[in-house]
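Residue numbers 1 to 294, in the working numbering, belong to the letters of the sequence shown in order.
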Amino acid sequence: MEAIRTEQLVKQYGKSRGISGVDLTVGEGEFFGFIGPNGAGKSTTIRILLGLIEKTSGNVRVLGEDPSEAGPRRKILSRVGYLPSEAMFYHGMKVKEVLRLSADLRGADCRSEAKMLCERLSLDTEKKVEELSFGNRKKVAIVCALQHKPKLLILDEPTSGLDPLMQREFFRILEERNQAGATVFLSSHVLSEIQNHCSRAAIIREGRIIACGSVEELANTSAKRVSLRGRADLTGLSGIRDLQQAEDAVSFLYSGQMKRLMEVLAAGDITDLTIAEPDLEEIFLHYYEGGVQG
């Protein structure tokens with residue numbers, strides 16, 4: 001069974017676009033990435049998956065249930081751990097009270113799991129939520145999302161506010177959960193997170209999925225990263241993106257004809273040349289800046 005499946009999912013906000021015809025399949029046990037900058041449609045898609053907003057049209061199933069129906073939605077939410085990009089809590093409550101409330105809403109005894117997570121994330125449960133920094137509020141949200149050992153984790157920009165050490169520990173926890181069978185759906189614009197942890201990913205642009213597959217498949221484009229020193233007339237050479245220049249050094253992402261590139265470089269005065277496979281961030285630029293049309 002798929003953990004998540006959408007077919008031609010559409011959300012319109014009046015005349016404004018939300019998402020348009022999103023087709024997405026995430027298998028049980030996957031560590032799946034959802035890539036796109038702010039405003040691309042990531043959060044809208046997630047809110048529909050959780051039943052927090054109504055879809056305009058299309059079909060959606062989460063853990064085999066339809067989140068648009070009240071009964072199935074309650075069942076979904078009891079089996080899902082959701083981490084929003086920004087978490088808000090009732091003022092005046094201590095961290096331990098927030099965690100207990102979250103557990104009670106799911107009817108679960110999470111005390112031992114919550115204690116372990118708080119220790120790993122260095123979270124003081126005696127503090128009141130209004131006394132916490134943004135990073136520590138994010139830790140509270142992480143524990144709320146994970147303490148009941150959900151079957152599916154839906155994480156929306158989860159590492160914002162966490163320092164590098166906490167980010168590393170957070171991903172260790174996610175990898176442990178994934179190895180134990182949980183499905184992880186990671187929405188992020190931090191491409192290194194996707195590259196380092198996800199097996200498959202989808203790229204969303206302007207409300208549409210423009211590419212989906214394994215991280216290796218997404219990286220399998222004709223684009224190359226070209227770096228050179230010296231002088232070359234690149235005027236009129238098509239297929240150049242992300243051009244960066246500094247003194248006599250030039251670097252760019254190239255998806256044109258390699259023979260034509262060699263001709264242009266041979267006519268110049270090149271002292272050093274490197275042609276390499278691009279990393280995921282550069283691949284993202286290739287897809288997002290028009291390299292591939294959805």
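C-beta: ideal position from N, C-alpha, C; glycine also.
- One thing to note: Ala232 has its Cβ within 8 Å of the Cβ of Val264.
- Of the candidates Ala87, Ser85, Arg61, Met88, Arg61 places its Cα closest to the Cα of Lys75.
- Straight-line spacing of the CA atoms in Ala201 and Ile35 works out to 7 Å.
- Distance check between His91 and each of Ala246, Val129, Ser102, Asn178 places Val129 closest, using alpha-carbon atoms only.
- Pairing Ala3 with Leu49, the inter-Cα distance amounts to about 11 Å.
- If you draw a straight line from the Cα of Ile194 to the Cα of Met258, it comes to about 29 Å.
- Here Gly181 really is in contact with Gly29; their C-beta atoms are around 6 Å apart, less than 8 Å.
- Between the stretch 106-118 and the stretch 145-153 there are three or more C-beta pairs closer than 8 Å, enough to call the two in contact.
- With three or more CB-CB distances shorter than 8 Å, the stretch 38-56 counts as touching the stretch 66-74.
- In the three-state DSSP reduction, Asn38 falls in the coil class, being neither helix nor strand.
- Under the 10 Å beta carbon count, Asn196 is surrounded by fewer than 16 other beta carbons and is classified as exposed.
- Inter-residue distance for Arg137 and Ser238 is about 48 Å (C-alpha atoms, whole angstroms).
- Boundaries of the beta strand (DSSP E) harbouring Phe252: 249-254, taken from the DSSP string.
- For Ala70, the enclosing alpha helix (DSSP H) has its first and last residue at 70-79.
- Taking a contact to require three or more Cβ pairs closer than 8 Å, the stretch 169-177 and the stretch 203-218 do not qualify as touching.
- Note on the stretch 165-250: whole alpha helix (DSSP H) runs with a minimum of 4 residues are 191-197, 215-218, in chain order.
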